[in-house]
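If you read the sequences in order, they're chains P and D.
Residues in the first sequence are numbered consecutively from 2, following my numbering.
Residues in the second sequence are numbered consecutively from 106, following my numbering.
Ideal Cβ positions, reconstructed from N, Cα and C, are used throughout, including at glycine.
Source: prediction; values computed, not measured.
One structure is given below, encoded as structure tokens.
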Amino acid sequence: MKALLKTKGFREFLRVLLALAIGLSLGFIITCFVSKDPLASYKAFLFGPLSQLNRIGDWLEESTTLVFLGLAVAIVFSAKQFYIGVEGQMILAALVSGVVVLYAPFPPAIRIVLAFAAGSLMGFIWGVVPAYVKAYLNASELVSSLMMNTIALKLFEYLLSTYLQLPKVSGIMSELFPKEVRLVSFIPNLPFLAETRALWEKQTSVTVMVYVAIAAVLVAYLLLYKTPFGYELRMVGSNNKFARYGGVNVKRIIMLAITTSGLFAGLAGVHVALGIHHRIVLNMSAGLGFEGVNIAILAFNNPLIVPFASLLYGYLRAGADVMERTTDVSRELVTIVQAAVLLLITAERLLPVIQQRVTTQDDEEHLQEKGEANVA
Amino acid sequence: MKPLIEMNDISKIYDNGVVANDHVNFSVNKGEIHALVGENGAGKTTLMKILFGIEKPTEGQIIVDGKELHLNSSHDAIAAKIGMVHQNFMLIPSFTVAQNVVLGSEPVKKGLIDKAEVLRISKELSDQFGLFVFPDAVVDGINVGMRQRVEILKMLYRKAEILIMDEPTAVLTPQETQDLFKAIHTLVEQGKTVIFITHKLREVKEISDRVTVMRMGKVIGTVDTKDVTKEQIANMMVGREVFLDIKKPKISRGEKRLSVKDLTYVSETGRPVLKGVDFNLYSGEVLGIAGVEGNGQTELVEIMTGLREAAGGEITVSGKDIVNQTPRTIRMLKIAHIPEDRLTNGVSVNSSIKENLVVDRYFKAPMKKGLFIDYSVVDQATDELIKRFGIKTPNGNLPVSSLSGGNMQKVVVARELSSEPYVLIASQPTRGIDVGATEFIREQLVVNRTEGTAVLLVSADLSEVMSLSDRIITLFEGCVTGVFPDASKVTEEELGAYMLGVKQQTPEEMEKFL
Numbered sequence: 002m003k004a005l006l007k008t009k010g011f012r013e014f015l016r017v018l019l020a021l022a023i024g025l026s027l028g029f030i031i032t033c034f035v036s037k038d039p040l041a042s043y044k045a046f047l048f049g050p051l052s053q054l055n056r057i058g059d060w061l062e063e064s065t066t067l068v069f070l071g072l073a074v075a076i077v078f079s080a081k082q083f084y085i086g087v088e089g090q091m092i093l094a095a096l097v098s099g100v101v102v103l104y105a106p107f108p109p110a111i112r113i114v115l116a117f118a119a120g121s122l123m124g125f126i127w128g129v130v131p132a133y134v135k136a137y138l139n140a141s142e143l144v145s146s147l148m149m150n151t152i153a154l155k156l157f158e159y160l161l162s163t164y165l166q167l168p169k170v171s172g173i174m175s176e177l178f179p180k181e182v183r184l185v186s187f188i189p190n191l192p193f194l195a196e197t198r199a200l201w202e203k204q205t206s207v208t209v210m211v212y213v214a215i216a217a218v219l220v221a222y223l224l225l226y227k228t229p230f231g232y233e234l235r236m237v238g239s240n241n242k243f244a245r246y247g248g249v250n251v252k253r254i255i256m257l258a259i260t261t262s263g264l265f266a267g268l269a270g271v272h273v274a275l276g277i278h279h280r281i282v283l284n285m286s287a288g289l290g291f292e293g294v295n296i297a298i299l300a301f302n303n304p305l306i307v308p309f310a311s312l313l314y315g316y317l318r319a320g321a322d323v324m325e326r327t328t329d330v331s332r333e334l335v336t337i338v339q340a341a342v343l344l345l346i347t348a349e350r351l352l353p354v355i356q357q358r359v360t361t362q363d364d365e366e367h368l369q370e371k372g373e374a375n376v377a
Numbered sequence: 106m107k108p109l110i111e112m113n114d115i116s117k118i119y120d121n122g123v124v125a126n127d128h129v130n131f132s133v134n135k136g137e138i139h140a141l142v143g144e145n146g147a148g149k150t151t152l153m154k155i156l157f158g159i160e161k162p163t164e165g166q167i168i169v170d171g172k173e174l175h176l177n178s179s180h181d182a183i184a185a186k187i188g189m190v191h192q193n194f195m196l197i198p199s200f201t202v203a204q205n206v207v208l209g210s211e212p213v214k215k216g217l218i219d220k221a222e223v224l225r226i227s228k229e230l231s232d233q234f235g236l237f238v239f240p241d242a243v244v245d246g247i248n249v250g251m252r253q254r255v256e257i258l259k260m261l262y263r264k265a266e267i268l269i270m271d272e273p274t275a276v277l278t279p280q281e282t283q284d285l286f287k288a289i290h291t292l293v294e295q296g297k298t299v300i301f302i303t304h305k306l307r308e309v310k311e312i313s314d315r316v317t318v319m320r321m322g323k324v325i326g327t328v329d330t331k332d333v334t335k336e337q338i339a340n341m342m343v344g345r346e347v348f349l350d351i352k353k354p355k356i357s358r359g360e361k362r363l364s365v366k367d368l369t370y371v372s373e374t375g376r377p378v379l380k381g382v383d384f385n386l387y388s389g390e391v392l393g394i395a396g397v398e399g400n401g402q403t404e405l406v407e408i409m410t411g412l413r414e415a416a417g418g419e420i421t422v423s424g425k426d427i428v429n430q431t432p433r434t435i436r437m438l439k440i441a442h443i444p445e446d447r448l449t450n451g452v453s454v455n456s457s458i459k460e461n462l463v464v465d466r467y468f469k470a471p472m473k474k475g476l477f478i479d480y481s482v483v484d485q486a487t488d489e490l491i492k493r494f495g496i497k498t499p500n501g502n503l504p505v506s507s508l509s510g511g512n513m514q515k516v517v518v519a520r521e522l523s524s525e526p527y528v529l530i531a532s533q534p535t536r537g538i539d540v541g542a543t544e545f546i547r548e549q550l551v552v553n554r555t556e557g558t559a560v561l562l563v564s565a566d567l568s569e570v571m572s573l574s575d576r577i578i579t580l581f582e583g584c585v586t587g588v589f590p591d592a593s594k595v596t597e598e599e600l601g602a603y604m605l606g607v608k609q610q611t612p613e614e615m616e617k618f619l
């Protein structure tokens with residue numbers, strides 16, 4: 002146990018677990034105040050997502066979106082750029098990929114490939130302006146990316162309602178994508194799986210996007226941890242003066258960090274359009290772009306942890322949905338739980354007792370060494 | 106007369122084991138201008154931070170005006186009428202001068218800040234003490250000299266009787282310095298007491314009544330300024346240390362590898378920092394730059410390594426002018442750099458040791474294979490360097506933050522020396538590290554020089570410069586003031602005189618040795 006406690010990874014895991022436990026308990030206490038039947042309500046929240054196949058489907062679909070968004074944010078955060086423009090990148094990518102599958106004069110398979118390319122490219126391009134003003138004019142990426150989000154959302158609304166609006170419907174939406182360009186189920190089309198596949202296809206829209214997400218996780222991991230670019234990006238993030246001294250072109254890396262993250266945000270948009278809604282529709286991003294920030298924080302910016310963080314976070318959101326629909330507690334309760342969990346995870350002093358006890362010994366060894374240090 | 110301030114037997118040992126003050130006794134009389142001098146790292150600022158309540162002494166006693174003080178914060182110090190003007194000003198740039206002066210204890214009328222009163226206070230204080238400011242100007246738009254006066258006014262508004270000024274002239278132009286000195290005289294005439302931290306001897310002679318000299322955390326002595334010459338103060342500051350015994354085989358230097366011509370640099374505040382520096386650097390020699398810190402060494406090194414843009418001049422290496430080139434371009438010419446501030450530039454503390462060791466080579470073969478970095482090569486190189494340079498760590502995957510200062514510096518040295526440099530620029534290579542690592546690093550520098558590397562050594566530690574260098578130049582206020590072609594034939598007193606601007610060689614004298 003002690004050896005296990007010494008590994009940083011395990012301690013961080015413990016921290017997340019503790020944070021989650023405290024957050025959920027807090028949520029329950031509040032439920033007791035607001036609900037007539039707190040036990041039932043909380044049960045709906047905790048176990049709801051698993052109670053029906055379509056709910057499991059919702060959970061997995063949303064988690065897939067979160068994976069892409071979490072990866073996008075993890076990349077920019079690794080470079081210590083407080084860029085939160087993935088919402089805008091995602092929504093415009095959804096629009097562009099939707100337009101491609103609707104109108105590009107190519108066979109369906111090529112249209113889908115083009116939609117992916119166009120979506121991620123859109124994400125990339127939408128990052129160029131905030132990236133440039135940060136890297137070369139030292140303008141806060143936080144402010145510029147927030148402004149770009151608003152521009153993106155309004156642009157999306159304008160283009161959708163002006164050029165793509167389906168006539169004679171009350172909602173603002175485009176026509177449905179043709180059947181042949183929808184993504185296929187994530188369950189392979191094999192004889193012995195036919196029944197399961199049919200069931201899942203009927204009740205959920207979990208598509209091959211799941212595999213794309215897994216591939217994206219691997220790509221992001223390799224990019225960040227195995228390539229020269231990733232090394233440069235992480236060095237800029239951990240000490241940009243050191244990176245510059247070592248010869249890294251810091252401005253170029255800041256540019257590329259923000260734009261590259263757009264590629265992943267773009268895939269989230271593609272997923273939302275082609276995998277979930279099958280059309281372009283108002284509010285299709287559902288504010289998920291900002292949740293990407295939370296995923297990245299939960300995953301300590303590590304692409305390999307992003308899928309787990311996404312599943313956890315997606316579960317909380319799915320549970321919130323079920324609870325809101327079936328009980329007298331609104332979904333905002335879960336926002337409180339989420340906020341508490343994130344707060345506790347980002348609070349560095351959480352679990353100091355364990356950490357201290359384990360590290361005291363190391364520190365003592367260090368002190369001895371440093372004791373030999375002379376006057377500066 | 107009983108002194109106004111008495112600091113008795115003050116010691117300060119930082120958590121990392123650095124002894125900044127070692128049983129220091131320091132006293133100041135009422136109404137005097139007391140200069141506190143010493144080289145960087147001598148412990149002056151720490152001592153004053155203790156007096157201002159920002160640092161807590163490990164032991165010792167502070168008596169002000171006959172009362173013993175226990176200072177827990179700067180608020181306590183201000184309550185005891187002690188004020189400090191820091192090296193880096195602590196003003197709010199978007200506020201006006203007057204708002205900054207009263208910040209924290211604003212005059213209030215009917216629960217609201219009395220704006221007219223705010224302005225009036227600043228005007229009145231400004232007139233009373235001859236500290237000229239524009240009360241309604243926004244701080245962002247005023248020059249450094251005025252910002253400093255605002256800082257002083259802030260302290261006067263808080264009724265400070267004792268003013269500590271931490272190297273107030275370091276950022277000022279000569280004209281501004283003269284204005285400041287006038288203001289200090291006015292303050293003293295009105296009964297204030299001023300403690301003036303500096304390492305410029307001319308200023309000590311010009312302004313102070315008494316001077317206390319510190320070296321290596323200890324007080325060397327306190328004397329009446331009029332009784333000593335600049336040379337005597339210089340000797341006290343520099344002192345005599347036991348020379349470290351370094352085996353340095355005699356070799357004759359080789360070809361010219363780097364030449365600096367008429368290099369100039371002007372700081373952001375418009376102060377000329379380098380005023381036309383010339384020198385050459387040859388293969389197989391250690392050229393030492395001796396100088397009190399703040400005389401342009403930092404800027405010189407940063408310009409030579411691409412971290413700072415020069416105003417003019419050229420630096421030629423292998424036929425190329427490297428002024429205002431990127432650090433990568435300069436590194437590709439095999440110029441290695443041990444930076445003076447290892448925590449800022451030299452390492453990324455939260456990254457692993459191995460990532461710190463490869464920052465200059467991860468992008469080329471054999472470490473880069475195809476699209477990826479081959480981490481098996483990186484790991485192997487890391488293990489080799491850890492062994493060769495004796496970095497004390499279980500493995501290269503630990504963060505640099507887990508190392509002691511000396512071992513962190515070994516990481517820097519390991520990286521820079523293993524790049525087989527054509528020119529090596531070492532800035533304060535042994536500052537703040539333990540004796541073992543110091544010795545090792547010095548040895549390594551000499552080994553590289555003997556193998557033919559051209560080594561430029563910048564150090565505030567004079568004995569280090571003298572024992573390692575083959576040739577020495579002195580830098581004072583951005584000018585080369587002397588060249589000593591044989592480092593073994595020069596005394597500290599002589600160097601001290603040139604470092605502190607007491608003496609200066611003519612360009613003709615220097616020309617043939619540069």
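Selected residue, minimal CA-CA separation from residue i, among the options
{"i": "residue 111 of chain D", "options": "D:300, D:528, D:454 and D:337", "result": "D:300"}
{"i": "residue 147 of chain D", "options": "D:202, D:398 and D:590", "result": "D:398"}
{"i": "residue 150 of chain P", "options": "P:161, P:128, P:163 and P:63", "result": "P:128"}
{"i": "residue 450 of chain D", "options": "D:483, D:406 and D:470", "result": "D:406"}
{"i": "residue 320 of chain D", "options": "D:595, D:577, D:574 and D:567", "result": "D:567"}
{"i": "residue 532 of chain D", "options": "D:445, D:361, D:134 and D:473", "result": "D:445"}
{"i": "residue 329 of chain P", "options": "P:38, P:29, P:16 and P:26", "result": "P:38"}
{"i": "residue 85 of chain P", "options": "P:310, P:195 and P:266", "result": "P:266"}
{"i": "residue 80 of chain P", "options": "P:98, P:306, P:232 and P:63", "result": "P:232"}
{"i": "residue 535 of chain D", "options": "D:529, D:545, D:295 and D:527", "result": "D:545"}
{"i": "residue 259 of chain P", "options": "P:157, P:316 and P:74", "result": "P:74"}
{"i": "residue 1 of chain P", "options": "P:296, P:335, P:13 and P:275", "result": "With chain P covering 2 to 377 only, the question about residue 1 of chain P has no answer from this structure."}
Residue burial classification, residue i (beta-carbon count within 10 angstroms, cutoff 16)
{"i": "residue 283 of chain D", "result": "exposed"}
{"i": "residue 347 of chain D", "result": "Because residue 347 of chain D carries a pLDDT of 44, less than 50, the predicted location of this residue cannot be relied on, and no value is offered for it."}
{"i": "residue 354 of chain P", "result": "For residue 354 of chain P, the predicted structure reports a pLDDT of 48, less than 50, and the residue's modelled location is therefore unreliable. The matter cannot be settled from this model."}
{"i": "residue 46 of chain P", "result": "buried"}
{"i": "residue 216 of chain P", "result": "exposed"}
{"i": "residue 612 of chain D", "result": "exposed"}
{"i": "residue 144 of chain P", "result": "exposed"}
{"i": "residue 481 of chain D", "result": "exposed"}
{"i": "residue 387 of chain D", "result": "buried"}
{"i": "residue 326 of chain D", "result": "exposed"}
{"i": "residue 459 of chain D", "result": "buried"}
Element boundaries [beta strand (DSSP E), containing residue i]
{"i": "residue 84 of chain D", "result": "Only positions 106 to 619 of chain D appear in the structure, and residue 84 of chain D is not among them; the question remains open."}
{"i": "residue 564 of chain D", "result": "559-564"}
{"i": "residue 166 of chain D", "result": "164-169"}
{"i": "residue 113 of chain D", "result": "110-118"}
Residue range of the alpha helix (DSSP H) that includes residue i
{"i": "residue 308 of chain D", "result": "306-312"}
- Query: In the stretch 173-215 of chain P, which residue ranges form an unbroken beta strand (DSSP E) of at least 3 residues, counting only runs that do not cross its ends?
  - Reply: none
* Counting pairs of beta carbons, one from the stretch 111-123 of chain P and one from the stretch 185-196 of chain P, are three or more of them closer than 8 Å? -> no
| message | Tell me whether the stretch 189-197 of chain D and the stretch 227-242 of chain D touch, counting them as touching only if at least three CB pairs, one residue from each stretch, are closer than 8 Å. | response | no
Notebook entry, point to check: Along the chain, which unbroken stretches of the beta strand (DSSP E) at least 3 residues long are found entirely within the stretch 505-534 of chain D?
Noted result: 528-532
TODO: Mind listing, in chain order, the continuous alpha helix (DSSP H) runs of no fewer than 4 residues lying wholly within the stretch 214-280 of chain P?
DONE: Taken in chain order, the unbroken stretches of alpha helix (DSSP H) that lie wholly in the stretch 214-280 of chain P and span 4 residues or more are 229-239, 241-246 and 251-271.
How do the stretch 304-311 of chain D and the stretch 328-347 of chain D stand: do at least 3 beta-carbon pairs fall below 8 Å, yes or no? yes
- Message: Taking 8 Å as the cut-off, does the stretch 332-341 of chain P touch the stretch 23-31 of chain P (at least 3 CB pairs, one atom from each stretch)?
- Response: yes
Report the residue ranges of all alpha helix (DSSP H) runs contained in full by the stretch 399-424 of chain D; include only those spanning at least 4 residues, in chain order. 402-409
Any chance the stretch 570-579 of chain D sits against the stretch 379-398 of chain D, with 3 or more Cβ pairs inside 8 Å? yes
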